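First up is the structure itself, then whatever we jot down about it.
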Amino acid sequence: MVTLAAGLAIALLVVWTASSFVPLVPGGVLAALTVVGYAYTTGFAAPSPAVVVALVVVSLLASAADVASGMVSGKLGGASTRTVVVGTLVGIVLLIPLGPIGLVVGLGGTVFLAALNERDGDTREAARQAAYAVVGALASAFVQAVLLAGVTVAFALAVL
Numbered sequence: 006m007v008t009l010a011a012g013l014a015i016a017l018l019v020v021w022t023a024s025s026f027v028p029l030v031p032g033g034v035l036a037a038l039t040v041v042g043y044a045y046t047t048g049f050a051a052p053s054p055a056v057v058v059a060l061v062v063v064s065l066l067a068s069a070a071d072v073a074s075g076m077v078s079g080k081l082g083g084a085s086t087r088t089v090v091v092g093t094l095v096g097i098v099l100l101i102p103l104g105p106i107g108l109v110v111g112l113g114g115t116v117f118l119a120a121l122n123e124r125d126g127d128t129r130e131a132a133r134q135a136a137y138a139v140v141g142a143l144a145s146a147f148v149q150a151v152l153l154a155g156v157t158v159a160f161a162l163a164v165l
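According to our numbering, the sequence shown is numbered sequentially starting from 6.
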């Protein structure tokens with residue numbers, strides 16, 4: 006039989022997994038807190054401490070992947086770290102009036118314009134750098150969702 010606490014924890018983990026696609030929601034951190042919170046309610050009897058540690062590590066890895074992927078992909082595309090950071094900040098500012106599309110437009114547009122300036126008008130190179138940064142930022146949501154879905158399934162199997 007599923008306890009109320011276990012059912013609530015599983016439901017929250019499903020919500021945090023879905024939140025991977027919502028900008029600025031720290032789904033991985035919230036998932037880790039949910040796992041630890043449930044373990045605390047059981048006196049750390051269920052799931053086992055080893056499972057709790059593994060689930061927390063994977064949850065935090067999901068958050069790290071979400072934060073780092075835009076930067077890493079931008080660097081792989083040839084954009085400077087400064088440009089990607091500024092692009093991310095512009096995207097966050099544009100997130101407020103434009104929603105999630107503002108994040109993509111802000112990041113991609115900033116990287117494109119900076120690369121265009123640095124490469125003396127080479128639009129092909131600027132577009133490539135912007136595409137790398139945007140694809141990395143979008144892919145991070147999928148990576149985080151897959152990792153958190155795995156945490157949810159593993160948690161459910163451990164407590165049911």
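Positions of the beta carbon are idealized from the N, C-alpha and C atoms, including for glycine. Treat the numbers as computed from the prediction; the structure is a model and nothing was measured.
Item to check | Exposure label - leucine 152; buried when at least 16 CB within 10 Å | outcome: buried
Item to check | Secondary structure, beta strand (DSSP E): runs of 3+ residues fully inside the region 45-117 | outcome: none
Item to check | DSSP three-state assignment for valine 30, whether helix, strand or coil | outcome: coil
Checklist entry - Would you call the region 111-120 and the region 134-153 in contact, with 3 or more CB pairs under 8 Å? => result In this structure the region 111-120 touches the region 134-153; the number of beta carbon pairs closer than 8 Å is three or more.
Checklist entry - Of all the options Phe147, Leu162, Met76, which has the alpha carbon lying nearest to the alpha carbon of serine 24? => result Phe147
Checklist entry - Can you tell me whether DSSP reads leucine 17 as helix, strand or coil? => result helix
Item to check | Simplified DSSP assignment, three categories, for glycine 126 | outcome: coil
Next on the checklist: Please state whether the Cβ-Cβ distance between leucine 100 and alanine 142 is less than 9 Å.
Outcome noted: no
Next on the checklist: If you measure between the beta carbons of glycine 113 and alanine 154, is that distance less than 9 Å?
Outcome noted: no
Checklist entry - Whose C-beta lies closer than 8 Å to the C-beta of serine 74 among residues of the same chain, with five residues either side of it excluded? => result Gly141, Ala142, Ala144, Ser145, Val148
Next on the checklist: Please classify alanine 70 as buried or exposed, where buried requires at least 16 neighbouring CB atoms within 10 angstroms.
Outcome noted: buried
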